[in-house]
Amino acid sequence: MTRTPSLADALAEICALDAPLWRRLALYVERQTEAGSPFVSAGQELVDRLRAGEVGEAAPEVGDPMPDFLLPDRSGRLVSLGDLNRTGPVVVSFNRGHWCPFCRIELTALAEAHRDLAALGARVVSIMPDRQAFAGRLPAAVTGRLSVLTDVDCAYALSLGLGMWLGEGLKGLMLGQGLDLAAVHGSDGWVVPVPATFVVGPDGRVLARRVEADFRMRMELSEIVAALAAGRSA
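For the sequence shown, counting from 1, position 108 maps to 107 in numbering that gives the first Met the number 0; every step adds exactly one.
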């Protein structure tokens, strides 16, 4: 009998796939649907709610200054956007957490592209509400190539209008799988950031952005590279 691959197996295969980011993300949705995962319908309900609420509309636009942050990294060192900008542009990725398969796919793609991004002078940071003990569960290939910063209680994300409450439906499903965000975050709000990517120039202004109510979609690597290249030639 042929064993049906688990979603964990599917995620590992997709992360290792040589394909554009959009294709990898779409493939995981297909695998979830094939597996009959209840997260498919619950996730769509979340997306519909966020779109109806116009979430992320107040986030910085292209040309706006990106508000500074001061957030701890894996070593507990406080990292600011201003410090990072002193050496060049910064790619700021807001991620829901180490547990989110779509975030893992995106962060894997960013880690794979670290040489190309570094060649353009850019550093990459992922901002998520996970305490570092949990953020450290991301693959070493990710944590070794980009910085993962902890946004306690989503305070920075909320200040940009990028916070979202997951809702009781998703909360129940996640608890049923043994994932308690109260433990992961150190608080019981069940608030995570709206997935978003900002390419910030050395002057602290936004060169490109994607704020996405649909957590299954992210900014493509080609868009990030194009924005960095354009910022270099400006």
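Each residue gets a CB set at the ideal place from its N, CA and C atoms; glycine is no exception.
Shown here, A181 sits in a helix according to DSSP, grouped into three states. In the pairwise beta carbon analysis, the region 135 to 149 is classified as not touching the region 165 to 176: fewer than three pairs are separated by under 8 Å.
Taking a contact as a CB-CB distance under 8 Å, the pair R122 and L80 does not count as one, their CB atoms being some 10 Å apart. With a threshold of 16 other beta carbon atoms within 10 Å, Q31 meets it and is buried. Here the alpha carbon of R215 sits roughly 21 Å from the alpha carbon of L174. Relative to the Cα of M127, the nearest Cα in the group A118, W189 and G120 belongs to W189.
Annotation: S5 to P19 spans about 22 Å, alpha carbon to alpha carbon.
Between L161 and P201, the gap from beta carbon to beta carbon reaches 7 Å or more. Cβ neighbours of Y155 within its own chain (closer than 7 Å, five residues either side excluded): F68, L70 and I126. When only Cα atoms are considered, V205 and G96 end up about 24 Å apart. Per DSSP, the continuous beta strand (DSSP E) segment holding S92 begins and ends at V89 to F93. Look at T86 here: in three-state DSSP terms it is coil, with no helix or strand label. Excluding sequence positions up to five before and after P64, its CB lies within less than 7 Å of the CB of G203 and R204, all in the same chain and listed in chain order. Between the alpha carbons of H184 and L157 lies a gap of roughly 15 Å. Relative to H113, the option among I13, P194, L220 and R231 whose CA is nearest is L220.
Beta bridge pairing from DSSP links F38 with no other residue. At a Cβ-Cβ threshold of 7 Å, T86 and C14 do not count as neighbours. Here DSSP, grouped into helix, strand and coil, assigns V61 to coil. Within the region 101 to 182, the beta strand (DSSP E) runs of at least 3 residues that lie entirely inside it are, in chain order, 122 to 127, 146 to 149 and 162 to 164. Within its own chain, the residues whose Cβ lies closer than 7 Å to the Cβ of L16, once the five positions on either side in sequence are excluded, are R23, listed in chain order. For S79, no alpha helix (DSSP H) segment is defined; the enclosing uninterrupted segment is the beta strand (DSSP E) at L77 to S79. When the beta-carbon positions are compared, A110 and V141 come within less than 7 Å of each other. Straight-line measurement puts the Cα of R231 at about 42 Å from the Cα of A182. With contacts defined as CB atoms closer than 7 Å, V198 and A226 qualify as a contacting pair.
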